[in-house]
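Have a look at the structure below before the remarks.
Number of protein chains: 2
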Amino acid sequence: MTTAAGRKHRVVVIGSGFGGLFGTQALKRRDDVEITLVAKTAQHLFQPLLYQVATGILSEGEIAPSTREVLARQKNARVILGEVTDIDLEARTVTSALLGSTTVTEYDSLLVAAGAGQSWFGNDEFADYAPGMKSIDDALELRGRIFGAFELAEISDEEQARRALTFVVVGAGPTGVEMAGQIAELSNRTLRHDFRRIDPRHARILLLDGAPTVLPSFGERLGGAARRKLESLGVEVQLGTMVTDVDADGLVVKHEDGSTERIEALTKVWAAGVQASPLGKTLGEQSGAEVDRSGRVHVQKDLTLPGHPEVFVVGDMMALDDLPGVAQVAIQGGRHAAKEIAHRLDGKDPVGDFHYLDKGSMATISRFSAVASIRRLRFTGFFAWLLWLGVHLVYIIGFKHRVTTLLHWAVSFVGRGRSERAATHQQVFARRAMKQLGKDMRTR
Amino acid sequence: MTTAAGRKHRVVVIGSGFGGLFGTQALKRRDDVEITLVAKTAQHLFQPLLYQVATGILSEGEIAPSTREVLARQKNARVILGEVTDIDLEARTVTSALLGSTTVTEYDSLLVAAGAGQSWFGNDEFADYAPGMKSIDDALELRGRIFGAFELAEISDEEQARRALTFVVVGAGPTGVEMAGQIAELSNRTLRHDFRRIDPRHARILLLDGAPTVLPSFGERLGGAARRKLESLGVEVQLGTMVTDVDADGLVVKHEDGSTERIEALTKVWAAGVQASPLGKTLGEQSGAEVDRSGRVHVQKDLTLPGHPEVFVVGDMMALDDLPGVAQVAIQGGRHAAKEIAHRLDGKDPVGDFHYLDKGSMATISRFSAVASIRRLRFTGFFAWLLWLGVHLVYIIGFKHRVTTLLHWAVSFVGRGRSERAATHQQVFARRAMKQLGKDMRTR
């Protein structure tokens, strides 16, 4: 790959998640590169801890530092805020828009890491009643709903109180397991002394999944351990159960035996499926690359788009070897693309195929209890939780956030408080308003 | 005042601000009292630090602990969330509503401390373009707008960038002064290295007021000192200036000499006037008490409603002896009412007239610089700032919030970071949506 003499190699990165940010940082020392990171949010969201914002443990700032601040000292990188509305593979341009201002950015190399949003499996109307767990908006919305449900129960008649104290989490992957576990902690510990008429410990928490196991990607042993721990916290785990309808007051499920059941529940959390950014479709249409049902682009083994060696697709938007949609796949993908770009600029041999190094995965069930799978090792309980604590502290960006996060964890796990219960009126009412306007709050 | 034998004396408190919360806490040791605190937000908002949430220093949780959590150990108090829709002085009931659930609560004594909202002086249509500074919603909305304005400037043409980099704060009381000072700190220090095309230091920050001085309640000497400090930070202070129109792109002002001027500015902050809760009018209509133009109720010298010794009105809703709408007036008013209720239950002589003890007032201009007025003493600069720091740390509720707040202050004042820059999409777009729906985001 050659660059016109005297001009720097222009890299455009789409997305400020793990793939985009770590890809950008991997090019930090390249004086011959100028990077433009285009993202639709001004923050780098540490999604694995989103459930802690939703349940009042952490503030949104702690898990979402400003991308611009993170990259302030990286002089070869600029950040522009905007939603990418078009990628032109022919002209090699990316078009983005912010509040009516349109920006067209030219690239020599493109790293597409726009991630994935929640999928309601074709039932997008569910989203108003069962918000997803993908953005800060989602987390604050759910924070308002979860704490608000207890408030409503306190002043309601018995029937309404029962509905308000029933929480349904759809999807038994890590996010769903962590949400269900935290709602159980809230009702069993945090809120225990806070109410006078209701007993928060009587809250009913259901975790549903169509699959036959909890945490399927962790294997049967850890999935079983997670399930038993959840049940010991009072969470009802219903597997082989599909959601067929959702409304404001509850949902309808279909069990494995074909029977259907209506569950009255005010608060529903949707942690079930993902849909890659619509930019995947844009790339597929222009390049002929295959795009799967979840909107992910089938890339070459070196993470490039077929016929477009200058375009890399990484993270949750990428389909390759059934790799999961986890942070490490995105981080390593972003770094792989950066290394390949550097090799080309240096005239070195291509790095070649992307090899994912599975560093393991972990999920917390409750305080002091987690499951972790690292290479061939399996851990459960307190030791797994310590592993989780250490790994997450390392990956939280910025010393200041590490200190306050550790303090907030102490408040919540050693104590029984929640430092960040504050909710706005907007979180409670805005989604409904948006719906009436026909605007889609989900496509953020 | 007598209570039926065997029945506890029922106190209803409306509002979870300084008056309501401190009034409730003052009755902590009374076994013969049962208190119901009704509030429309689930939090006790520490309003004097709201500007720090708006400018990314603190999280909303740090200045807004859950009222329910604060009162969890006070066994004679219950909290119910809801907006008070009616007070019936005859039947001695308070009616509140939450998401369609209505609650009627009977009282023997009533403490009305519902506070005040922002006033746009009859121009409520200004609110969409110049949000107030009264709620967490306001602060997060302004956080999104302020940081978003720099983002927009970075990708705009020169004219739009100038508009995006012009910030107008209307109202030169403590909130306005603190906001203007913090926006100046943001542009001069925090964001200094964050952008590539724009120089945040070129931001234009205007502080407008119709009055002839900055911080009029602090006296001429401190007002002058505050003004000089603001000007040294680059804030343009325009006094004797009235706002006659506001729109999305700017505002029109009328200067003292009668000339008018249009200022192009994307971000406007309204910190100019207050309007007491509409419950003031309800009380006035039923009791015949005078209600002033700002909706405040003229109370008797013992803070009771004329003809209703069982009803106390305190804080920003109360008009008495020209007392200002500050936290200390509300705190002392709430405690006075609680003491009076206790005296009556004990058959003691009435406490009698409310005597406000002015503990002083203070406002920060920027890091390390404040003005403080305590009794006859006047302080400026670093010493006043240390006073401010100490007093605010004492009044922040909860040890955990004190520790993280101190850390966030260190990050922002010793360092140049802001830990809480995260904004949601809702904050940027919801207000507009609400407007279109004809819903009023201000009456929260």
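Protein sequences, first through last, are from chains A and B.
The numbers in the first sequence follow the working numbering, run straight up by one, and end at 444.
The numbers in the second sequence follow the working numbering, run straight up by one, and end at 1444.
Think of the CB as a built atom: it goes at the ideal place given N, C-alpha and C, for glycine as much as any other residue.
Source: prediction; values computed, not measured.
**OP:** Grab me the residues of Gly19 (chain A)'s own chain with a C-beta within less than 6 Å of its C-beta, minus the 5 sequence neighbours each way, in chain order.
**Re:** Ala113, Val314, Gly315, Ala330, Gly333, Gly334
Original post:
Along the chain, where does the alpha helix (DSSP H) that runs through Glu1159 (chain B) open and close?
Top reply: 1158-1164
Original post:
chain A beta carbons: is any one of them nearer than 8 Å to that of Lys944 (chain B)?
Top reply: In this structure chain B extends from 1001 to 1444, so residue 944 (chain B) is not present and cannot be described.
Original post:
Under 8 Å between the Cβ atoms of Gly284 (chain A) and Val297 (chain A)?
Top reply: yes
**OP:** Pick out whichever of A:Val53, A:Ala77, A:Leu98 has its Cα sitting closest to the Cα of His408 (chain A).
**Re:** A:Val53
Original post:
Over what stretch of residues does the alpha helix (DSSP H) that includes Glu1174 (chain B) continue unbroken?
Top reply: The displayed chain sequence assigns Pro, not Glu, to residue 1174 (chain B). From DSSP, the alpha helix (DSSP H) with Pro1174 (chain B) extends over 1174-1185.
Original post:
In chain order, what residues of the same chain have a beta carbon less than 7 Å from the beta carbon of His202 (chain A), not counting five sequence neighbours either side?
Top reply: Leu165
Subject >> Leu208 (chain A) vs Gln238 (chain A) beta-carbon contact at 8 Å >> reply: yes
**OP:** Run down chain B in chain order and give the residues with a C-beta less than 9 Å from the C-beta of His392 (chain A).
**Re:** Within chain B, no residue comes near His392 (chain A); the closest Cβ sits about 18 Å away, beyond 9 Å.
Original post:
Under a CB-based cut-off of 8 Å, is Ser419 (chain A) close to chain B?
Top reply: yes
Original post:
In chain B, what lies closer than 8 Å to Arg367 (chain A) by C-beta?
Top reply: Under the 8 Å cutoff, chain B gives no residues; its nearest Cβ is about 16 Å from Arg367 (chain A).
Original post:
Between the C-alpha atoms of Ser1366 (chain B) and Glu1178 (chain B), what's the straight-line distance to the nearest angstrom?
Top reply: 7 Å
Original post:
Which residue's Cα is closest to the Cα of Glu264 (chain A): A:Ala64, A:Ala149, A:Arg227?
Top reply: A:Ala149
Subject >> Ranges of the beta strand (DSSP E) found wholly within the segment 1344-1422 of chain B, counting only runs of at least 3 >> reply: 1361-1366, 1369-1374, 1377-1380
Subject >> Cβ-Cβ separation, Ser1277 (chain B) to Met1318 (chain B) (assumed contact under 8 Å), whole Å >> reply: That pair is no contact at about 11 Å.
Subject >> Residues near Glu236 (chain A) by beta carbon distance below 6 Å, same chain, minus five either side >> reply: Leu206
Subject >> Residue-level contact to chain B via CB, Asp199 (chain A), 8 Å cutoff >> reply: no
Original post:
How about the segment 153-160 of chain A and the segment 1077-1097 of chain B: do they share at least three Cβ pairs that are nearer than 8 Å?
Top reply: yes
**OP:** Answer yes or no: does any C-beta atom of chain B fall closer than 8 Å to that of Val297 (chain A)?
**Re:** no
Original post:
For Phe1046 (chain B), which three-state DSSP category applies?
Top reply: coil
**OP:** Measure from the C-beta of Gly82 (chain A) to each C-beta in chain B and report whether the shortest distance is under 8 Å.
**Re:** yes
Original post:
What do you reckon, are the CB atoms on Ala1039 (chain B) and Asp194 (chain A) nearer than 8 Å?
Top reply: no
Original post:
Under 8 Å, do Phe482 (chain A) and Ala1422 (chain B) count as touching if we go by C-beta distance?
Top reply: Outside the modelled stretch of chain A, which goes from 1 to 444, sits residue 482 (chain A), for which no answer is possible.
Original post:
If you measure beta-carbon to beta-carbon, which residues of the segment 87-104 of chain A are closer than 7 Å to chain B?
Top reply: Leu98, Leu99, Ser101, Thr103
**OP:** Report the three-state DSSP secondary structure of Arg228 (chain A) (helix, strand or coil).
**Re:** helix
**OP:** Would you list, in chain order, the members of the segment 1110-1139 of chain B that have their beta-carbon closer than 8 Å to a beta-carbon of chain A?
**Re:** Ser1135, Ile1136, Asp1137
Subject >> Proximity of Val1269 (chain B) and Met1362 (chain B) at Cβ, strictly below 8 Å >> reply: no
Original post:
Ile1396 (chain B) and Thr1405 (chain B): beta carbons closer than 8 Å?
Top reply: yes
Subject >> Per-residue burial, Met1001 (chain B) [other beta carbons within 10 Å of its own, 16 or more giving buried] >> reply: Because Met1001 (chain B) sits at a pLDDT of 46, beneath the cut-off of 50, its placement in the model cannot be relied upon, and the point is left open.
Subject >> Beta-carbon spacing of Glu1310 (chain B), Ser1109 (chain B) below 8 Å >> reply: yes
**OP:** For His1336 (chain B), I'd like the list of residues in its chain whose CB is within less than 7 Å of its CB, leaving aside the five on either flank, ordered along the chain.
**Re:** Leu1303, Val1351, Phe1354
Original post:
So is Asp1209 (chain B) in contact with chain A if we call contact Cβ pairs under 8 Å?
Top reply: no
**OP:** Could you tell me the distance, in whole angstroms, from the CA atom of Val11 (chain A) to the CA atom of Leu305 (chain A)?
**Re:** 16 Å
Original post:
Gly325 (chain A) and Ala139 (chain A): beta carbons closer than 8 Å?
Top reply: no
Original post:
Taking Cβ positions only, does Gln1025 (chain B) come closer than 8 Å to chain A?
Top reply: no
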